[in-house]
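Asks:
Residue numbers (our numbering), protein chains in the order written: chain X, 27 to 255; chain F, 37 to 271.
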């Protein structure tokens, strides 16, 4: 099976330990909190000055002064704190977050990340992505394995402008979990029923298959393959 | 007696001149001094240099200044919100210059100006397009890029409560860039939802001490800054 976007978020959530302080990017990363186990205490950071972001606010219960970095109206959890932008980026730049989950246009075999400017994008915007990519210890990428055009997003060398060099630790896709190590990319997990060779065929850089490479532990509800009736 | 209050937004921004550089607080809608910005718009001030995290939303406040062609340069980190179409149109026509800055660098440059620093080295950016041409130094084996302070003629700030001394308190995520920008401009103009008597803000809840503030005006929150249904359908 190929994972749905929700399935990727579910798999990422499993890798966040109790006590994590995590920044989430837009897209698939923003779906991760829905799958965090309630017995783990994990705090979500938002660039605009929140530690302790909760679920999206219910309709009619939005607070005009509580948005997340994607400008959606969110809630705050008990124990949340609010602060100014200097403190928020002291948390990021000072290396205080344990994890960040971020989307990508391309990830290179050496951990280079490109995610702030698409080829041909006329108006650029970077936001907090560079501060996060340069400074968060465990930088996880959550993305589809290939682009809308079917081209590999995991590549030998990024062609889009870099967000940061040598920064990605682990890549979660609809096909695989891949670690970025000193000697290159290591295939740790494959989606259920997917052969390592099939992952390699859709990857633009060599993968070493880990000795203990296994199938991802994801429920069947996250099967993204449309069955033909 | 010190009294920094002014009667209305028009009076508050009367000294903002053509060609001025202006910091605009806020991130998304929270903390955007929309009433002051609309007063600048009504006043006709033009040829402005804007400093803000984004590029405004819709045809209102900062978006409205772009729509009206009042801004010649924007320094921002994320001017690509779907709602920032007014900036986008002006930028693609070549009417607006854009200086793109990583968000943490943007706020730290403002902080440096307000704190009287000559610049700083940040680990964010070496080897990327946004650090091209800037001095890079190595500290403890790591590359850092030199970034310079960023000040302005005016800062337009939004707070929740304030008093005649200019003491300010922000509510929840309204704080964002506001208290930092309040330190870094020659003239700091604030809109608050509630003007309270001196002494009624507890000392601990004053986030911006009045020393940083020049003018303060009480406003009603503009409903255009809060339309969750519209924003839901747009995203």
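All C-beta atoms, glycine included, are put in the ideal place defined by N, C-alpha and C.
Computed from a predicted structure; not experimentally measured.
1. When the cut-off is 8 Å and only beta carbons count, does residue 212(F) lie next to chain X?
2. Quick one, which residues of the stretch 96–110 of chain F are near chain X if we go by CB-CB under 8 Å, in chain order?
3. Hey, residue 154(X) and residue 190(X): beta-carbon distance below 8 Å or not?
4. Between the stretch 51–67 of chain F and the stretch 213–222 of chain F, do three or more beta carbon pairs fall short of 8 Å?
5. Assuming residue 137(X) and residue 192(X) are in contact, meaning their beta carbons sit under 8 Å apart, how far apart are those beta carbons, in whole angstroms?
6. Is the beta carbon of residue 78(X) less than 8 Å from the beta carbon of residue 106(X)?
7. Give the DSSP-derived three-state secondary structure of residue 249(X) in the structure shown.
8. Rounding to the nearest angstrom, what Cα-Cα distance links residue 95(F) and residue 107(F) in this structure?
9. Quick one: residues in its chain with C-beta nearer than 6 Å to the C-beta of residue 254(X), no 5 flanking neighbours on either side, listed in chain order?
10. Go through its chain and collect everything with a Cβ distance to residue 245(F)'s Cβ below 7 Å, but skip five positions before and after it.
11. Starting from the beta carbon of residue 111(X), find every residue of chain F whose beta carbon is closer than 7 Å, and list them in chain order.
12. In terms of alpha-carbon separation, which member of 53(F), 97(F) and 91(F) lies closest to residue 257(F)?
13. Touching or not, the stretch 120–128 of chain F and the stretch 151–166 of chain F, by the rule of three or more beta carbon pairs under 8 Å?
14. Which residues mark the beginning and the end of the alpha helix (DSSP H) in which residue 37(X) is found?
15. Which residues, taken in chain order from the stretch 189–208 of chain F, show a beta carbon closer than 9 Å to some beta carbon of chain X?
16. Can a CB atom of chain X be found closer than 8 Å to the CB of residue 135(F)?
17. When Cβ atoms are compared, which residues of the stretch 110–121 of chain F fall closer than 9 Å to chain X?
18. Verify the contact flag: residue 119(F), CB atom, against every heavy atom of the ligand ATP, threshold strictly below 7 Å.
19. Take residue 117(F) and list the residues in its own chain whose beta-carbon comes closer than 6 Å to its own, dropping the five residues that flank it on each side.
20. Touching or not, the stretch 106–119 of chain X and the stretch 144–153 of chain X, by the rule of three or more beta carbon pairs under 8 Å?
21. I'd like the list of long-range same chain contacts for residue 157(F), defined as Cβ closer than 8 Å, with 5 residues on each side in sequence excluded.
22. How should residue 239(F) be labelled, buried or exposed, when 16 other C-beta atoms within 10 angstroms of its C-beta is the threshold for buried?
23. Under the rule that 16 or more other beta-carbon atoms within 10 Å means buried, what is residue 260(X), buried or exposed?
24. From residue 245(X) to residue 98(X), what distance separates their C-alpha atoms?
25. Once the 5 residues before and after residue 144(F) are set aside, which same chain residues still bring their CB inside 8 Å of it?
26. Run down chain F in chain order and give the residues with a C-beta less than 8 Å from the C-beta of residue 179(X).
27. Mind pulling the chain F residues with CB within less than 7 Å of residue 123(X)?
28. Determine the chain X residues that contact residue 175(F) at a beta-carbon separation under 9 Å, and present them in chain order.
29. Verify the CB distance criterion: does residue 211(X) have a CB-CB separation below 8 Å to chain F?
30. So the candidates are 255(F), 40(F), 84(F) and 43(F); which of them puts its Cα closest to the Cα of residue 52(F)?
31. So, under 8 Å CB-CB, residue 42(X) and residue 125(X) are touching, yes? Tell me the CB distance rounded to an integer number of Å.
32. Please report the straight-line C-alpha distance between residue 74(X) and residue 227(F), rounded to a whole angstrom.
33. Name, going along the chain, the residues of the stretch 141–165 of chain X whose beta-carbon falls closer than 7 Å to a beta-carbon of chain F.
34. Expressed to the nearest angstrom, what Euclidean distance is found between the alpha-carbon atoms of residue 50(F) and residue 177(X)?
35. Identify every run of the beta strand (DSSP E) within the stretch 170–232 of chain F, keeping only runs that are complete inside it and at least 3 residues long; order them along the chain.
36. Looking at C-alpha atoms only, which residue of 232(F), 166(F), 99(F) and 222(F) is the closest neighbour of residue 248(F)?
Replies: In short, the structure shows the following:
1. yes
2. none
3. no
4. yes
5. 5 Å
6. yes
7. strand
8. 14 Å
9. Its pLDDT being 48, under 50, residue 254(X) is placed unreliably in this model, and the value from its coordinates should be taken loosely. Counting only Cβ-Cβ distances below 6 Å, and skipping sequence neighbours, we find nothing.
10. 203
11. 143, 212, 213 and 216
12. 97(F)
13. no
14. 31–39
15. 196, 206, 207 and 208
16. no
17. 112, 113, 114, 115, 116, 117, 119 and 120
18. Annotation note on the ligand ATP: not contained in the displayed structure, which lists no ligands.
19. 90
20. no
21. 173, 175, 180, 181, 182 and 183
22. exposed
23. The displayed coordinates of chain X run from 27 to 255. Any statement about residue 260(X) would go beyond what the structure contains.
24. 28 Å
25. 156, 158 and 183
26. Near residue 179(X) there are no residues of chain F at all, since even the closest Cβ is about 19 Å away, more than 8 Å.
27. Under the 7 Å cutoff, chain F gives no residues; its nearest Cβ is about 12 Å from residue 123(X).
28. Within chain X, no residue comes near residue 175(F); the closest Cβ sits about 14 Å away, beyond 9 Å.
29. no
30. 84(F)
31. 6 Å
32. 20 Å
33. 148, 149, 150, 151, 152, 153, 154, 156, 157, 160 and 161
34. 55 Å
35. 172–175, 178–183, 188–198 and 221–231
36. 222(F)
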